[in-house]
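My numbering numbers the first residue of the sequence shown as 104 and each following residue consecutively.
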Amino acid sequence: MHLFLIIALLVIVSALYSYINARWLKLPGTIGIMTLAILGSVVTIVVDKVDPNSAKYLTILATNINFSTMVLNIMLGFLLFASAFNLNTRRLKKEMRPVFLLSTLGVILSTIVFGSLLYWVTGLLDIKIPYIYCLLFGALISPTDPVAVSAIVTGSKLPNSLETIISGESLFNDGIGLVLFISLLEITQSGTDSIDFSKAIVLFIQEVFGGIALGAITGFLAHRLMKSINDFQTIVLVSLALVMTNSLIATYLHLSIPLSVVTAGLFAGGRSINVDNNDHSHQALEKFWTLIDEMLNTMLFVMIGLQMINFPFLQHYWLSGAIGIVVILVARWSSIMLPLTFLRRTLNVNYGSINILTWAGLRGGISIALALSLPASNYRHFILAGTYFIVIFSIIVQGLTLNKVINATYKSHAKD
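#1: On a Cα-Cα basis, can you pick out the residue from Gly143, Leu228, Leu243 that is closest to Ile235?
#2: Could you say which of Asn481, Ala472, Trp462, Ile498 lies nearest to Thr512 if we only look at CA atoms?
#3: Rounded to whole angstroms, what's the CA-CA distance from Leu128 to Leu239? Just pull it up for me.
#4: Got a sec? Which residues, its chain only, sit under 8 Å from Ser476 by beta carbon, not counting five neighbours each side?
#5: Please work out which residues of its chain come closer than 6 Å, Cβ to Cβ, to Leu283, disregarding the five sequence neighbours upstream and downstream, and give them in chain order.
#6: Using the rule of at least 16 other Cβ atoms within 10 Å of the residue's Cβ for burial, across every protein chain shown, is His383 buried or exposed?
#7: Figure out for me which residue from Gly143, Phe275, Ser219, Leu164 has the closest Cα to the Cα of Val114.
#8: Applying the criterion that 16 or more other CB atoms from any shown protein chain within 10 Å of the CB defines a buried residue, is Trp392 buried or exposed?
#9: May I ask you to report which of helix, strand or coil DSSP gives Gln257?
#10: Less than 7 Å between C-beta atoms, sequence neighbours within five positions excluded: which residues of the same chain meet that for Asn191?
#11: With a threshold of 16 other CB atoms inside 10 Å of the CB of Ser301, please say whether the residue is buried or exposed.
#12: Would you say Ala254 and Phe404 are within 9 Å of each other, going by their C-beta atoms?
#13: Taking all protein chains shown into account, decide if Ser423 is buried (16 or more other Cβ within 10 angstroms of its Cβ) or exposed.
#14: Is Glu198 helix, strand or coil by DSSP?
#15: Taking buried to mean at least 16 other C-beta atoms within 10 Å of its own C-beta, is Pro442 buried or exposed?
#16: Mind checking whether Leu358 and Gly322 have CB atoms under 9 Å apart?
#17: Whole-angstrom Cβ separation of Gly180 and Asn349, contact assumed at under 8 Å?
#18: Would Thr490 count as contacting chain C if we go by Cβ distances under 9 Å?
#19: Check whether the segment 486 to 502 and the segment 417 to 437 are in contact - that is, three or more C-beta pairs closer than 8 Å.
#20: Give me the Cβ distance between Gly464 and Arg435, rounded to the nearest whole Å; I'm assuming they're in contact under 8 Å.
Structure representation (structure tokens):
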């Protein structure tokens with residue numbers, strides 16, 4: 104299928120769903136668009152069985168999009184840069200301890216708890232899934248998705264401190280999650296049951312610290328370039344080139360693309376680019392990247408909804424999907440509760456925030472993209488279907504009820 108036709112159809116469908124939601128449904132943007140995309144996929148599947156010609160364009164669009172490549176290699180860099188560029192760096196510095204803890208130790212704990220609970224529950228139900236594949240599932244689903252989190256928390260009633268912790272965690276937890284995923288994937292392919300810790304440590308240092316160093320250097324240089332000129336068009340082009348440069352170099356050097364563009368975004372957006380005291384160019388650049396963020400978010404969630412057309416096996420995995428949803432919530436809660444219990448004196452987070460942090464830990468397109476990248480095996484459909492159900496529940500159910508959880512939590516504490 105011609106690339107222009109794919110892009111044109113994606114933009115047309117995104118605009119249509121966005122208009123229907125804004126005109127009639129009036130749900131929060133990403134939730135409404137994703138709901139419509141899922142409903143559209145269900146209708147397409149039904150119509151395709153009756154009359155294939157009637158639904159051929161949506162079917163062609165869904166089947167011709169390489170979701171994993173599109174998300175991980177193209178869209179993710181721009182989305183993460185936009186989120187990082189507009190993040191309040193002063194608040195991030197204040198909440199850096201819980202952000203660092205949740206994005207490192209929290210991901211490891213969540214992976215272990217998820218994998219162990221899933222293995223135990225599936226064993227009780229006589230569903231035979233090797234423990235290593237349960238851990239692999241946990242590694243790809245444990246990191247919270249920065250795109251989904253950014254889209255949902257923006258319109259929530261979260262206090263500033265919690266919003267910063269949740270957003271910051273989602274931006275930085277890619278590194279450890281990716282190392283876990285790659286290491287566990289290599290184990291499944293090698294047939295052994297042992298982790299090469301030395302190799303994992305080298306991979307972690309290369310991916311994480313290399314990505315951060317690359318982003319810091321390029322972000323600093325780009326900021327100096329943008330600060331030295333007054334032409335807004337050139338400033339925009341420099342910021343676009345910054346994202347693409349980081350993506351290209353990180354891919355070539357096998358560094359973490361997400362961490363490099365996040366670091367570059369923080370460096371470029373944390374300080375004003377104006378040579379005078381007026382912030383017009385910087386504010387305009389923030390609005391530009393906000394617009395890019397919202398447009399790409401819309402198309403991403405349309406793509407997530409359309410993926411249902413590519414998963415005809417979903418109907419056989421309702422039970423495993425329900426299990427995955429419960430297990431990931433327990434794993435998320437545990438990965439917050441345990442560090443908070445042992446390190447409460449050093450963290451500026453109270454126990455009343457645990458439920459909010461748990462419910463606001465959303466999963467999105469990155470988890471689906473990683474699941475789609477899994478090689479063929481007897482357990483690929485199980486993991487892929489479970490991931491899809493968790494993502495749908497996460498965005499629609501958790502996203503719609505997040506404010507209710509926030510209100511209920513603060514009301515209960517007010518009574519106490």
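Note that beta-carbon positions come from the ideal geometry of N, C-alpha and C, so glycine has one too.
Well, looking at it:
#1: Nearest of Gly143, Leu228, Leu243 to Ile235, Cα basis: Leu243.
#2: Thr512 has its Cα closest to that of Trp462, out of Asn481, Ala472, Trp462, Ile498.
#3: Computed Cα separation, rounded: 37 Å.
#4: Cβ within range, chain order: Ser171, Leu175.
#5: The beta carbon of Leu283 sits closer than 6 Å to the beta carbons of Thr214, Ala242 from its chain, once the five residues preceding and following it are set aside; these are given in chain order.
#6: Classification of His383: exposed, given that the 10 Å Cβ count is below 16.
#7: When only C-alpha atoms are compared, the closest one is Leu164.
#8: Buried: at least 16 other Cβ atoms inside 10 Å.
#9: Before going further, note that residue 257 is Thr rather than Gln in the sequence given. It is coil, neither helix nor strand.
#10: Excluding positions up to five away in sequence, the list reads Thr267.
#11: By the 10 Å Cβ count, Ser301 comes out exposed.
#12: A Cβ-Cβ contact shorter than 9 Å links Ala254 with Phe404.
#13: Answer is buried; the Cβ neighbour count reaches 16.
#14: In the structure shown, Glu198 sits in coil (DSSP, three-state: anything other than H, G, I, E or B).
#15: Classification of Pro442: buried, given that the 10 Å Cβ count is 16 or more.
#16: 9 Å or more divides the Cβ of Leu358 from the Cβ of Gly322.
#17: Yes, Gly180 and Asn349 are in contact; Cβ-Cβ is about 7 Å, under 8 Å.
#18: Annotation note: the requested chain C is absent from the structure, which comprises a single protein chain.
#19: With the cut-off at 8 Å, the segment 486 to 502 and the segment 417 to 437 touch.
#20: Right, their Cβ atoms sit about 5 Å apart.
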